[in-house]
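Peer 1:
Numbering (our numbering), first residue to last: 7 to 250.
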């Protein structure tokens, strides 16, 4: 299946940001850690663990602090060898190069995704794949409504740091603790506690009434063009009811 130019821009940016950038960041951090450890080992530094934990959490800032410490505070260099210092500096150089590439690639990826999205909007060829249960397409997953079997609509109302609730067309609130999506894709509000726990798949919890399965709602839900249901949390999407 051929993809449009807008989709190509968006997907290439997405792959760069979600795949290449994390891999390069891990590699840069690893090289920085090895480089710093070589210096710590040469000096038999008693704070190796603290420095290494710092390097893992914030490679470049902590390495800068360590260089200040090494050069101006702890000046004893009798255990340093030129060969080991050369190896450490070489690793440091490549770590910095990779860190710069991470920044550049992140910027290029975000520009590519933004350009693809805007091109899709202007061309009327959206790069997103967000639909409701009836197949209606939406630009954002945040605009996708849920429906119950009577045709009533419900929208997710996000909250900071905690799962949000759902609101119907009349402004009535439905608490997320009682809100579910059945395996057919319809909203169900369990006020009587009829559902019982069935299965947990990571952070996703499923319940049953003895006949159907129900997904415990805590965020946005959308369908793709093939009618597959997804939960959207942050920048990741999880297919629902996809377990053995």
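Cβ coordinates follow ideal geometry from the N, Cα and C atoms, glycine included.
Measure from the alpha carbon of residue 195 to the alpha carbon of each residue in 216, 208, 222, 209, then state which is nearest.
Peer 2: 222
Peer 1: Skipping 5 residues on each side, what residues in its chain have a beta carbon closer than 8 Å to that of residue 30?
Peer 2: 104, 107, 108, 111
Peer 1: Between the beta-carbon of residue 151 and the beta-carbon of residue 161, is there less than 8 Å?
Peer 2: yes
Peer 1: Once DSSP output is grouped into helix, strand and coil, what is the label at residue 149?
Peer 2: helix
Peer 1: Is the beta carbon of residue 101 less than 8 Å from the beta carbon of residue 22?
Peer 2: no
Peer 1: Apart from the five residues just before and just after residue 2, which ones in its own chain have a Cβ nearer than 6 Å to its Cβ?
Peer 2: Limits of the chain in this structure are 7 at one end and 250 at the other, which puts residue 2 out of reach.
Peer 1: Pick helix, strand or coil for residue 229, following the three-state DSSP scheme.
Peer 2: Of the three classes helix, strand and coil, the one that applies to residue 229 here is strand, per DSSP.
Peer 1: Please return the same chain residues whose Cβ sits closer than 6 Å to the Cβ of residue 68, not counting the five positions on each side in sequence.
Peer 2: Here the set comprises 60, 61.
Peer 1: Helix, strand or coil, according to DSSP, for residue 189 in the structure here?
Peer 2: Residue state for residue 189 is assigned as coil, using DSSP reduced to three classes.
Peer 1: With DSSP as the reference, label residue 209 as helix, strand or coil.
Peer 2: coil
Peer 1: State the DSSP-derived secondary structure class of residue 18, mapped to helix, strand or coil.
Peer 2: helix
Peer 1: Is DSSP giving residue 73 helix, strand or coil here?
Peer 2: helix
Peer 1: Is residue 179 helix, strand or coil by DSSP?
Peer 2: Looking at residue 179 - three-state DSSP - the assignment turns out to be strand.
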